[in-house]
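Residue numbers (the numbering used here), protein chains in the order written: chain A, 2 to 155; chain B, 1397 to 1543.
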Amino acid sequence: MTATNHAAAGALIALTIKEPGLVLPLAFISHFVMDALPHFGYPGNKGYGEALKHKLTYSVILLDIIGLTILIWFVAGANWLTYAAGITALLPDFAGLYNYFGIERNKNHGRSNSLIAKLHKKYHRRLEWCERPWSLFIEVLLATLLLFLIHYIK
Amino acid sequence: MTATNHTLTGAVIALTLKNPALAVPLAFVSHFVLDAIPHFGVPPGQLVLKKYYKIVAADLTTAALLAGILLIMFNNHFWLVFGCMALSAGPDIVWWFYRKNLEKDNKTGLDLLTRFHWWIQWKEFSKGIYIEVAWFIAMGAIILNLR
Chain A
2 MTATNHAAAG ALIALTIKEP GLVLPLAFIS HFVMDALPHF GYPGNKGYGE
52 ALKHKLTYSV ILLDIIGLTI LIWFVAGANW LTYAAGITAL LPDFAGLYNY
102 FGIERNKNHG RSNSLIAKLH KKYHRRLEWC ERPWSLFIEV LLATLLLFLI
152 HYIK
Chain B
1397 MTATNHTLTG AVIALTLKNP ALAVPLAFVS HFVLDAIPHF GVPPGQLVLK
1447 KYYKIVAADL TTAALLAGIL LIMFNNHFWL VFGCMALSAG PDIVWWFYRK
1497 NLEKDNKTGL DLLTRFHWWI QWKEFSKGIY IEVAWFIAMG AIILNLR
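Take a look at the structure:
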C-alpha cells in the first residue's frame, strides 16, 4: 500500500487515541491491516522488483509524494505523537526496501538469511494477497477517506 | 472474523468518531476490512456446521455480553454504539442463509455483496485465533482508554 495511506492511518490513530503506549503499537499493527486489503501492485508477490518494471508504478510514486505532502499539510501543528505514529505505521515497508535494494537488486544472497529478510518474506509479503493495478482505485478512495477523517478530527 | 471482534470494532468506531453520518457507514465497511485480515475460521468446503456451531454459539454469546456491557458503559451514546456494533457484525447474518454454499464451497446463487464478502475472506485458518486474540486486546485497550 502507498506510503500516504500507511502514514495517514498512523496519524489518524494518534489523533483519535492520544495515549503513546497504545498509539505506537497500534500504528505499527495498522501497517499489516492495511496491507491485507486489496491495494496497488502487481500479482506474483515479487514486491518492488516486479512493480518497478511498470510505468504506472512511477505515476503512483508521484501521486504518493503529492499525497504525503497533503498529509503533512493537514497534520501541521499536531503533537509529536502524530508524526511518530505516521512514521511507525510506515516502518515495515523499510524492510521491503532493504529486501529489494540490499538483497534482490544487488544479488546479495548472503543477506537473504537475515532475520528482516525472512520475516518480510514469510509474513509481510504473504499478507499482500491482492496486489493489482486496478486496486489503485481502492488506494485513492482510502486516501480520500483517511485525509477527510484527519481533517475532521483535527 | 469473530462476531466479538466485529462488535468491538463497531463500538470503537462509534466512540472515536461520535458522528453518526461518518461512524455508521464506516462501521459497515469495517466488517469487510476486518475480514480481509487473516483470521480464525474454517475454509469453505471444509466447514461442517454441526461441528462448528458450538464455537459460533460461544462467539455470539460473548459478543452479546460485551455489547450489553458497552451499552451500559457508554449509555450517553447508546444508539450510536448500538447501531455501529450491529452494522459492524451484521453482514455475517447472510452466512446463515448461504450455509449450504459454505459447506459445499459452491458460489452459485450468491448475491453480489456476498460474493465480495466470500472473496475478501482469503485466509481463514485455525491459527488465526492468535490474530483474533491480538485484535480483541487492541480493541479492548482502545475502549478502556476512551472510557
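C-beta: ideal position from N, C-alpha, C; glycine also.
In the DSSP assignment, what residue or residues form a beta bridge with A/H40? A/E132
Residues of chain A with CB closer than 7 Å to the CB of B/T1412, please, in chain order. T17
Please report how far the alpha carbon of B/N1415 lies from the alpha carbon of B/S1484, in whole angstroms. 16 Å
So, does the CB of A/E140 fall closer than 8 Å to a CB anywhere in chain B? no
Distance between beta carbons of A/V76 and A/I151, contact taken as under 8 Å: 6 Å
Please name the residue or residues paired with B/E1520 in a DSSP beta bridge. B/H1435
Could you check where the alpha helix (DSSP H) with A/F75 kicks off and where it finishes? K56 to V76
Min CB distance B/N1541 to chain A below 8 Å: yes
Report yes if the C-beta distance between A/L28 and A/L72 is below 8 Å; otherwise report no. The question names Leu, but residue 28 of chain A is Ala in the sequence shown. Not closer than 8 Å, so no.
From A/L82 to A/K47, what distance separates their C-alpha atoms? 33 Å
If you check the beta carbons only, do A/L38 and B/A1432 fall under 8 Å apart? yes
Using the three-state DSSP reduction, which class does B/P1440 fall into: helix, strand or coil? coil
When you check each C-beta in the stretch 102-136 of chain A against every C-beta of chain B, which residues fall closer than 8 Å? L128, W130 and C131
Thinking just about the alpha-carbon of each residue, which of B/S1426, B/G1437 and B/A1407 is nearest to the one in B/F1521? B/G1437
B/V1429 CB to nearest chain A CB: under 8 Å? yes
Identify which residue in A/E140, A/E20, A/A12 and A/L128 has its Cα closest to the Cα of A/A85. A/A12
Do the stretch 1419-1431 of chain B and the stretch 1446-1457 of chain B meet, that is, are 3 or more Cβ pairs less than 8 Å apart? no
Below 9 Å on C-beta distance, what does A/L23 contact in chain B? A1534, A1537, I1538 and N1541
Alpha carbon to alpha carbon, how far is B/I1516 from B/T1405? Give it in angstroms, no decimals. 18 Å
Quick check: what's the CA-CA separation for B/L1467 versus B/L1418? 19 Å
Along chain B, in chain order, which residues have C-beta atoms closer than 9 Å to that of A/A37? V1429, A1432, I1433, P1434, W1518 and K1519
Round the Cβ separation of B/V1420 and B/I1539 to the nearest angstrom and send it over; I've been treating them as touching at under 8 Å. Not really, about 18 Å apart at Cβ, beyond 8 Å.
From B/F1470 to B/T1412, what does the alpha carbon distance come to, in whole angstroms? 12 Å
Hey, is A/T3's beta-carbon within less than 8 Å of any beta-carbon in chain D? Absent here is chain D; the protein component of the structure consists of chains A and B.
Determine the burial state of B/D1501: buried for a count of at least 16 other Cβ atoms within 10 Å of its Cβ, exposed for fewer. exposed
For A/K155 and A/L69, which I take to be in contact (beta-carbon distance under 8 Å), what is that distance rounded to the nearest angstrom? About 17 Å separates the two Cβ atoms, so there is no contact after all.
Endpoints, the alpha helix (DSSP H) within which A/E20 is located: Taken as a continuous stretch (DSSP letters only), A/E20 belongs to no alpha helix (DSSP H), as it is neither H nor E.
From A/I62 to A/G22, what distance separates their C-alpha atoms? 32 Å
Does chain B have any CB closer than 8 Å to the CB of A/E20? yes
Is A/D65 closer than 8 Å to A/T145 when the C-beta atoms are compared? no
If you run the structure through DSSP and keep just helix, strand and coil, what is A/R106? coil
B/F1470 - DSSP class collapsed to helix/strand/coil: coil
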